[in-house]
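Trainee: One structure coming up, written as structure tokens, with questions to follow.
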Amino acid sequence: MSVIRVEVQPAVPGDRPPYDALVSYHPPFVDPAFKMVEAPHPATLEEEVLLRYCEVLTGRVGGPGGQHRNNVETAVWVCHTATGVEGQATERRSQVENKRMAVRRLRRKLASHVRTLASRDHHVCSPLWTQRRQGNKMTVNPESEDYPGLLAEAMDLVVVRRYDLGGAAKILGITMSQLSRLIHHDKGAFAKMNAGRVACGLPALRK
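In our numbering, the protein residues as written are 2 to 208.
Here it is in structure tokens:
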């Protein structure tokens, strides 16, 4: 990682120091526990667009002892090629339905396991976030199509702020408890957040 050098002009007696000298610089924080990709976050993409960056495989699966075996290739695996994150669905007898479910699971995994580099202090909330936010609350069903995108946006900001939930919540316009609850809907994301907090010397959150 390259070193950023900031040149500060010497202060003249009686003058205020240059503005840049008054601002604390926080270099971007990247947690190696996550896979990093360029924005936009893949979990925020529409299905048709996301699939352009994925490999889709189909196959046959069967239950224990060969029961309920699919005689046609209805099982679907969708892999995001840049990160290797995969979503799969095998329980339906329709390949179309399994593909839809696999994509939905992939988006959830991408939201919890993959990060884009957000602005630590100058994050601008997405139109989706602004639309779904109600006052200082973010009420969303975790099964909603919007949830992966909201989770990804929240996690990107939380991580780049070194897991400062209070600061992230303030920027996102919701309470810290609402932000914690949003992340808690996804057990994998919540576990990663707590692991990151502990690594940064912060206490783990219950919810």
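C-beta: ideal position from N, C-alpha, C; glycine also. Every value quoted in this text rests on a predicted model; they were computed, and no experiment measured them.
Pull up the DSSP beta-bridge partners for A76, would you.
Mentor: Taking the first residue of the sequence shown as position 1, residue 76 is located at position 75. Answer is G60, bridged to A76.
Trainee: For R113, is the classification buried or exposed, using 16 other Cβ atoms within 10 angstroms of its Cβ as the cut-off for buried?
Mentor: As a position in the sequence shown, residue 113 is number 112, starting the count at 1. Just to set this straight, residue 113 is Ser in the shown sequence, not Arg. So S113 ends up on the buried side.
Trainee: Taking the beta strand (DSSP E) that E98 falls in, what are its first and last residues?
Mentor: Walking along the sequence shown from the start, residue 98 turns up at place 97. Looking at the DSSP string, E98 is not in any beta strand (DSSP E); the run it does join, the alpha helix (DSSP H), is Q96 to H114.
Trainee: Quick check on A205: does DSSP put it in helix, strand or coil?
Mentor: Working through the sequence shown from its first residue, we reach residue 205 at position 204. Reduced to three states, the DSSP call for A205 is coil.
Trainee: Would P43 pass as a contact of L52 if the rule is Cβ separation under 8 Å?
Mentor: In the sequence shown, counting from the first residue as 1, residue 43 sits at position 42. In the sequence shown, counting from the first residue as 1, residue 52 sits at position 51. Inclusion of P43 and L52 in the CB contact set at 8 Å is not warranted, their separation being larger than that value.
Trainee: How would you label G197, buried or exposed, when you count the other beta carbons within 10 angstroms and need 16 or more for buried?
Mentor: Position 196 of the sequence shown holds residue 197. Its Cβ being crowded by 16 or more others within 10 Å, G197 is buried.
Trainee: Considering only C-alpha positions, which residue in the set A205, E87, P128 and A155 is nearest to Q179?
Mentor: Residue mapping note: residue 179 aligns to position 178 of the sequence shown, counting from 1. From the listed residues A205, E87, P128 and A155, the smallest Cα separation to Q179 is found for A155.
Trainee: In three-state terms, what does DSSP make of M194?
Mentor: Residue mapping note: residue 194 aligns to position 193 of the sequence shown, counting from 1. Of the three classes helix, strand and coil, the one that applies to M194 here is helix, per DSSP.
Trainee: Could you compute how far the alpha carbon of V97 sits from the alpha carbon of E56?
Mentor: Numbered from its first residue, the sequence shown carries residue 97 at position 96. Numbered from its first residue, the sequence shown carries residue 56 at position 55. For V97 and E56, the distance between alpha carbons rounds to 15 Å.
Trainee: Would you say G60 and E74 are within 8 Å of each other, going by their C-beta atoms?
Mentor: Stepping through the sequence shown from its first residue, residue 60 is reached at position 59. Stepping through the sequence shown from its first residue, residue 74 is reached at position 73. Yes, the Cβ-Cβ distance between G60 and E74 is below 8 Å.
Trainee: Would you mind reading off the limits of the alpha helix (DSSP H) that contains Q89?
Mentor: On the sequence shown, residue 89 is found 88 positions in, with the first residue counted as 1. First-last for Q89: E87 to A90, but that is the beta strand (DSSP E), not the alpha helix (DSSP H).
Trainee: For K138, which beta-bridge partners are listed by DSSP?
Mentor: Here the question's residue 138 lines up with position 137 in the sequence shown. Partner(s): Q135.
Trainee: Determine the burial state of R94: buried for a count of at least 16 other Cβ atoms within 10 Å of its Cβ, exposed for fewer.
Mentor: For the purposes of this step, residue 94 is taken as the residue at position 93 of the sequence shown. R94 should be labelled exposed.
Trainee: Applying the 10 Å Cβ sphere with the 16-neighbour rule, what's the burial state of R207?
Mentor: Start at 1 with the first residue of the sequence shown, and residue 207 comes out as number 206. Exposed, because fewer than 16 other Cβ atoms sit within 10 Å of the Cβ of R207.
Trainee: Less than 6 Å between C-beta atoms, sequence neighbours within five positions excluded: which residues of the same chain meet that for A103?
Mentor: Position 102 of the sequence shown, counted from the start, is the residue given in the question as residue 103. If we look at A103 and ignore the five residues flanking it on each side, its Cβ neighbours are V77, V79, G88, Q89 and A90.
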